[in-house]
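*Asks:* One structure is given below, represented as structure tokens, and several questions about it will come after.
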Amino acid sequence: MTSTTWRTALDGLAAIGAGELTSEALMRECLQRVAVREPDVAAWQYLDEDRALEEARRRDASASRGPLHGMPVAVKDLFSTHDMPTGCGSDIYADHLPASDAAVVALIRRAGGIVMGKTVTTEFAFFSPGGTRNPHDPTRTPGGSSSGSAAAVADGMVPWALGTQTAGSIIRPASYCGVAGYKPTYGLINTAGLKPAAWSLDTVGVFARNVPDARQLAGVLSGRDLTPSRPATPPPRVGLCLTPQWEAATADTEQALREAVRCIRGAGGEVHEVSLPASFDELLEAQRTIMIYEASRSLAFERDLHGDQLSDQLKALLDEGSVLPAERYDQARRIARACRAELDRLFADSDVLLAPSAPGEAPAHVTGTGDPVFNRIWTLLGTPCVNVPGLTGANGMPVGVQLIGPLDGDLTTLEVADWLFSRLQEG
């Protein structure tokens, strides 16, 4: 964003509240950025400029409606919107207009926010890439499936965007695009009106330029106060957790973690190594088992009646899930429950864990959306996760680091993420 009155979402809110900036002026800035950059980035699935400006003028003409008053928010095209098409990344739902809003969309509007438009998602939030490009390098992927949301925020087209994570679709694109991505504790934010992929994994989260901005929007959507309860977070206790998937990390991710550790220790924080119990080695496969078993049932209508409009990749995944024995699914769920029961012990000496967000810099767009290998187990466990941006790889592309908190430890996780983000910016 290039405004002289604000540079973050919270700045924009303050400027609108003080009468220094109108919602219409802010919206025009966003739309001007879209006009310049959308041909290269392709972040938007649906955007009606006249509608967005009219909504902004209505906010300017009314008293404040709440903590998002006058601010644009982008919505992943997986959430129902009663006044905009919801395509779910598939031709099956081209021009589909739902009868109602998803719960989170309704809450954004209730709080005075403006749904600016719908951002590109992959096909039903799985792995077939959309057309969105990484705003830092259009030859690279922005990640998936929340590709358009991450790219739009990273490129300054919108202050906030909604995303979802079933495997790694908030943390990974946030890392690739260089923004803050927050996946809350499972169930913290209502999923009603979200096209389901896997009901026991799907988690609603947010993208923003920084952690305090992410905290503001997530607080509205969850109905919780996620602002710090004290003026400053004391130096945290951080457990460095390389995870059993460490062999997938590139030199860029290894360097990012080293820099994060150096930054934490330099600011007075404690870093110690944490090894996951051997039982956690089974989580990666358990997450995939649960995901494809549930997806084959969530998307039964699309597979059975519109299979010719699905990608070969998605059809194969759904077909595999449909013949998966229920016993294997139940065993995967038992593994997840057993590992969740060990989380309290895992966090006994750590406020948060520090782990990779992604294997490295964003790979080439033609290779797909990247590997969620460092996200899957935390999604299955339901823990809060934050991608902390601010570091880069050998080619100058963003490489984030991931902070993971205990179940329901969202406030502490966000506090430590903000603490680390601020110090990375200083260094």
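Counting in this note's numbering, the sequence shown runs from 13 upward without gaps.
C-beta atoms are modelled at their ideal positions from N, C-alpha and C, and glycine is treated no differently.
Being a predicted model, the structure only gives us computed values, none of them experimental.
#1: Where does E67 land, buried or exposed, given buried means 16+ other C-beta within 10 angstroms?
#2: With a 10 Å radius around its C-beta and 16 neighbouring C-beta atoms as the bar for buried, classify D264 as buried or exposed.
#3: Hey, G217 and G193 are a contact pair by Cβ (cut 8 Å); roughly how many whole angstroms apart?
#4: Spatial neighbours of A103 within its chain, please: C-beta separation below 6 Å, excluding the five flanking residues on both sides.
#5: Could you tell me whether the Cβ atoms of A204 and A115 are closer together than 8 Å?
#6: Are there 16 or more other CB atoms within 10 angstroms of the CB of A137, so buried, or fewer, so exposed?
#7: With Q257 as the anchor, note down where its beta strand (DSSP E) starts and where it stops.
#8: Exposed or buried, which one is T379 when buried takes at least 16 other CB atoms within 10 Å?
#9: Spatial neighbours of Y2 within its chain, please: C-beta separation below 7 Å, excluding the five flanking residues on both sides.
#10: Considering only residues of the stretch 171–254, which uninterrupted alpha helix (DSSP H) runs meet the minimum length of 4 residues and lie entirely inside it, listed in chain order?
#11: Tell me whether G511 sits in a helix, a strand or coil according to DSSP, three-state version.
#12: Taking the C-alpha atoms as reference points, what is the distance between L393 and R249?
#13: Does the stretch 407–422 come within contact of the stretch 268–277, defined as at least 3 CB pairs closer than 8 Å?
#14: By Cβ distance below 8 Å, which residues in the same chain neighbour D225 in space, the five residues on each side in sequence not counted?
#15: Look at the Cβ atom of L65, then the Cβ atom of G124, and state whether they are nearer than 8 Å.
#16: What would DSSP say about H318, mapped onto helix, strand or coil?
#17: For H284, name the three-state secondary structure that DSSP assigns.
#18: Out of S140, A27, L59 and G99, point me to the one whose CA is closest to L474's CA.
#19: How should Q325 be labelled, buried or exposed, when 16 other C-beta atoms within 10 angstroms of its C-beta is the threshold for buried?
#20: If you follow the beta strand (DSSP E) that P368 is in, where does it begin and where does it stop?
#21: Pair every Cβ in the stretch 228–239 with every Cβ in the stretch 344–360, then say whether three or more of these pairs are closer than 8 Å.
#22: Take L252 and list the residues in its own chain whose beta-carbon comes closer than 6 Å to its own, dropping the five residues that flank it on each side.
#23: Can you name, in chain order, every residue of its own chain whose Cβ lies under 6 Å from the Cβ of P240, other than the five neighbours on each side?
#24: Would A118 and V165 be called neighbours here (beta carbons separated by less than 8 Å)?
#25: Find the nearest neighbour of P154 within the set M96, A111, R277 and A376, judged by alpha-carbon distance.
#26: By Cβ distance, which residues of its chain are closer than 8 Å to G319, with the 5 residues on each side in sequence left out?
#27: I302 and A186 - do their beta-carbons sit closer together than 8 Å?
#28: How big is the Cα-Cα spacing for G382 and P110?
#29: From what residue to what residue does the beta strand (DSSP E) around M128 run?
#30: Considering only DSSP beta bridges, list what Y105 is partnered with.
*Replies:* Per the coordinate set shown:
#1: In the sequence shown, the residue the question calls residue 67 occupies position 55. Per the 10 Å Cβ criterion, buried.
#2: Here residue 264 is taken as the residue at index 252 of the sequence shown, counted from 1. Result: buried.
#3: Start at 1 with the first residue of the sequence shown, and residue 217 comes out as number 205. Start at 1 with the first residue of the sequence shown, and residue 193 comes out as number 181. Right, their Cβ atoms sit about 7 Å apart.
#4: Residue numbering aside, residue 103 sits at position 91 when the sequence shown is read from its first letter. It should be noted that the sequence gives Asp, not Ala, for residue 103. Cβ neighbours of D103 beyond the five flanking positions: Q321.
#5: Walking along the sequence shown from the start, residue 204 turns up at place 192. Walking along the sequence shown from the start, residue 115 turns up at place 103. The answer is yes: Cβ separation under 8 Å.
#6: Position 125 of the sequence shown, counted from the first residue, corresponds to residue 137. With 16 or more other Cβ atoms within 10 Å, it is buried.
#7: Indexing the sequence shown from 1 puts residue 257 at position 245. Element bounds for Q257: n/a, residue is neither H nor E.
#8: Indexing the sequence shown from 1 puts residue 379 at position 367. The residue is exposed, with fewer than 16 neighbouring Cβ atoms inside 10 Å.
#9: The chain is shown from 13 up to 439; residue 2 falls before or after that span and cannot be answered.
#10: For the stretch 171–254, whole alpha helix (DSSP H) runs of length 4 or above, ordered along the chain, are 183–189 and 223–234.
#11: The requested residue 511 does not occur in the structure, where the chain is confined to residues 13 to 439.
#12: Within the sequence shown, residue 393 is the residue found at index 381, counting from 1. Within the sequence shown, residue 249 is the residue found at index 237, counting from 1. About 21 Å.
#13: yes
#14: Working through the sequence shown from its first residue, we reach residue 225 at position 213. Counting only Cβ-Cβ distances below 8 Å, and skipping sequence neighbours, we find T20, A21, L22, P171, W172 and A192.
#15: By one-based count along the sequence shown, residue 65 stands at place 53. By one-based count along the sequence shown, residue 124 stands at place 112. Their beta carbons are not under 8 Å apart, which means L65 does not touch G124 by this criterion.
#16: As a position in the sequence shown, residue 318 is number 306, starting the count at 1. H318: helix per DSSP, three-state reduction.
#17: Your numbering for residue 284 matches position 272 in the sequence shown. In this structure, H284 counts as strand in the three-state DSSP scheme.
#18: Only positions 13 to 439 of the chain appear in the structure, and residue 474 is not among them; the question remains open.
#19: The residue given as residue 325 occupies position 313 in the sequence shown. The residue is exposed, with fewer than 16 neighbouring Cβ atoms inside 10 Å.
#20: As a first step, residue 368 must be located in the sequence shown, where it is residue number 356. Where P368 is concerned, the enclosing beta strand (DSSP E) stretches over V364 to P368.
#21: Using a Cβ-Cβ distance cut-off of 8 Å, the stretch 228–239 and the stretch 344–360 are not in contact, since fewer than three pairs of beta carbons, one from each stretch, lie closer than that value.
#22: By one-based count along the sequence shown, residue 252 stands at place 240. The answer, listed in chain order, is V283, E285 and L366.
#23: Position 228 of the sequence shown holds residue 240. If the five residues before and after P240 are omitted, its C-beta is found closer than 6 Å to the C-beta atoms of E427, all from its own chain and listed in chain order.
#24: By one-based count along the sequence shown, residue 118 stands at place 106. By one-based count along the sequence shown, residue 165 stands at place 153. No, Cβ-Cβ distance for A118 and V165 is not below 8 Å.
#25: The residue given as residue 154 occupies position 142 in the sequence shown. Measuring from the Cα of P154, the nearest candidate turns out to be A376.
#26: As a first step, residue 319 must be located in the sequence shown, where it is residue number 307. So the qualifying residues of the chain are K327.
#27: By 1-based counting over the sequence shown, the position of residue 186 is 174. By 1-based counting over the sequence shown, the position of residue 302 is 290. In this structure, I302 does not lie closer than 8 Å to A186 by Cβ.
#28: Taking the first residue of the sequence shown as position 1, residue 382 is located at position 370. Taking the first residue of the sequence shown as position 1, residue 110 is located at position 98. Rounded to whole angstroms, G382 to P110 spans 31 Å at the Cα level.
#29: Taking the sequence shown and counting its residues from 1, one reaches residue 128 at position 116. It spans I126 to T131 - the beta strand (DSSP E) in which M128 sits, taken as one unbroken run.
#30: As a first step, residue 105 must be located in the sequence shown, where it is residue number 93. BP columns for Y105 are empty, so no partner.
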